[in-house]
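Those protein sequence lines, which keep their order, are chains A and B.
If you read the first sequence in the numbering used here, its first letter stands for residue 1, the second for the next number, and so on.
If you read the second sequence in the numbering used here, its first letter stands for residue 1, the second for the next number, and so on.
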Amino acid sequence: DAGVIQSPRHEVTEMGQEVTLRCKPISGHDYLFWYRQTMMRGLELLIYFNNNVPIDDSGMPEDRFSAKMPNASFSTLKIQPSEPRDSAVYFCASSIRDRSRTDTQYFGPGTRLTVL
Amino acid sequence: SQELEQSPQSLIVQEGKNLTINCTSSKTLYGLYWYKQKYGEGLIFLMMLQKGGEEKSHEKITAKLDEKKQQSSLHITASQPSHAGIYLCGAESGSARQLTFGSGTQLTVLP
Chain A
1 DAGVIQSPRH EVTEMGQEVT LRCKPISGHD YLFWYRQTMM RGLELLIYFN
51 NNVPIDDSGM PEDRFSAKMP NASFSTLKIQ PSEPRDSAVY FCASSIRDRS
101 RTDTQYFGPG TRLTVL
Chain B
1 SQELEQSPQS LIVQEGKNLT INCTSSKTLY GLYWYKQKYG EGLIFLMMLQ
51 KGGEEKSHEK ITAKLDEKKQ QSSLHITASQ PSHAGIYLCG AESGSARQLT
101 FGSGTQLTVL P
């Protein structure tokens, strides 16, 4: 398996522009998570999906952020309009409950976003 | 909400030395995950602990969960430069599937 795939790996944009981050979870995984990592706040959960349905989006910072999962193999995180304070590394992770009832999350390589 | 405190925040050791990283929770831990992250890369899953007193090892890394299930430690024996990175502990929030993460421990191993 290729693992969790994220694109792009790096994104540099100007303030006010729309940014779309993409994620392909591991095939067969039924949970998908979006995280944001910064030096100041560490790793924060933004939103997660179960079977393509958003379960908890309480970590989404504000209305400028939106996430979708149109099918089991694809999710997007969109920021519109982007601001310099959105600069961070955004991670996608996926998981499935195994026979021992553990829910290990497997992370993608992340997208490093810089908003100028 | 659950909070995880990791200590130390950073650690510099000479190659070959042993070291321990701690993760303390404000609430009972239902599932405790250890991850390693190298700069600019994603998190790599190391180990997961569920039961009080449980201990798991992989190569030179051993993780333990105390009997009260509120503290976990990660011990590295005979450290190598390849062990360098950020170690993060993550905990399940009760019955929810999301993880809350500690702030991480930056490990540097000097050759």
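All C-beta atoms in this analysis are idealised placements derived from N, C-alpha and C, irrespective of residue type, glycine included.
List the residues of chain A whose Cβ lies closer than 8 Å to the Cβ of residue i, in chain order.
| i | result |
| --- | --- |
| Y33 (chain B) | T104, Q105 |
| E41 (chain B) | P109, G110 |
| Q98 (chain B) | F33, L45, Y48, D56 |
Cβ closer than 9 Å: which chain A residues qualify as neighbours of residue i?
| i | result |
| --- | --- |
| S2 (chain B) | Note on identity: in this sequence residue 2 (chain B) is Gln, with Ser being the wrong assignment. Correct list: empty, because the minimum Cβ distance to chain A is about 12 Å. |
| L88 (chain B) | G42, L43 |
With DSSP collapsed to three states, give me the class of residue i.
| i | result |
| --- | --- |
| R41 (chain A) | coil |
| R85 (chain A) | helix |
| P81 (chain B) | helix |
| R97 (chain A) | coil |
| R112 (chain A) | strand |
| M60 (chain A) | coil |
| Q37 (chain B) | strand |
| G16 (chain B) | coil |
| I55 (chain A) | strand |
| P8 (chain B) | coil |
| V4 (chain A) | coil |
| L58 (chain B) | Per the sequence shown, the amino acid found at residue 58 (chain B) is His instead of Leu. Strand, per DSSP. |
| I76 (chain B) | strand |
| H29 (chain A) | coil |
By Cβ distance below 7 Å, which residues in the same chain neighbour residue i in space, the five residues on each side in sequence not counted?
| i | result |
| --- | --- |
| S87 (chain A) | L113, T114, V115 |
| Q70 (chain B) | T24, S25, T28, L29 |
| P8 (chain A) | T111 |
| N50 (chain A) | D30, Y31 |
| L49 (chain B) | L32, K56, A63, L65, S72 |
| T109 (chain A) | As written in the sequence, residue 109 (chain A) is Pro, which differs from the Thr given in the question. Cβ neighbours of P109 (chain A) beyond the five flanking positions: Q6, R9. |
| A72 (chain A) | N52 |
Does the ligand ATP have even one heavy atom less than 7 Å from the beta-carbon of residue i?
| i | result |
| --- | --- |
| S79 (chain B) | The model depicted lacks the ligand ATP and carries no ligand whatsoever. |
Quick one: which chain A residues come within Cβ less than 7 Å of residue i?
| i | result |
| --- | --- |
| S103 (chain B) | G42 |
Determine the chain B residues that contact residue i at a beta-carbon separation under 8 Å, and present them in chain order.
| i | result |
| --- | --- |
| S95 (chain A) | R97 |
| F74 (chain A) | Those within 8 Å of F74 (chain A) in chain B number zero; the least Cβ separation is about 18 Å. |
Note down, in chain order, each residue of its chain lying with its Cβ closer than 6 Å to the Cβ of residue i, except the 5 sequence neighbours on either side.
| i | result |
| --- | --- |
| Q106 (chain B) | S10, I86 |
| K12 (chain B) | Per the sequence shown, residue 12 (chain B) should be read as Ile rather than Lys. Excluding sequence neighbours, I12 (chain B) sits near T108. |
| F101 (chain B) | L88, G90 |
| Q17 (chain A) | S82 |
| R22 (chain A) | S7, T76 |
What does residue i reach in chain B if we use C-beta pairs closer than 9 Å?
| i | result |
| --- | --- |
| F91 (chain A) | G42, L43 |
Under 8 Å Cβ to Cβ from residue i, same chain only, skipping five residues before and after it: list those, please.
| i | result |
| --- | --- |
| G3 (chain A) | I26, Y106, G108 |
Contact between the stretch 64 to 82 of chain B and the stretch 8 to 21 of chain B is defined here as three or more beta-carbon pairs at a separation below 8 Å; is this criterion met? By the Cβ test, the stretch 64 to 82 of chain B is in contact with the stretch 8 to 21 of chain B, since at least three Cβ pairs between them sit closer than 8 Å.
With three or more beta-carbon pairs closer than 8 Å as the criterion, would you say the stretch 36 to 45 of chain A touches the stretch 73 to 93 of chain A? yes
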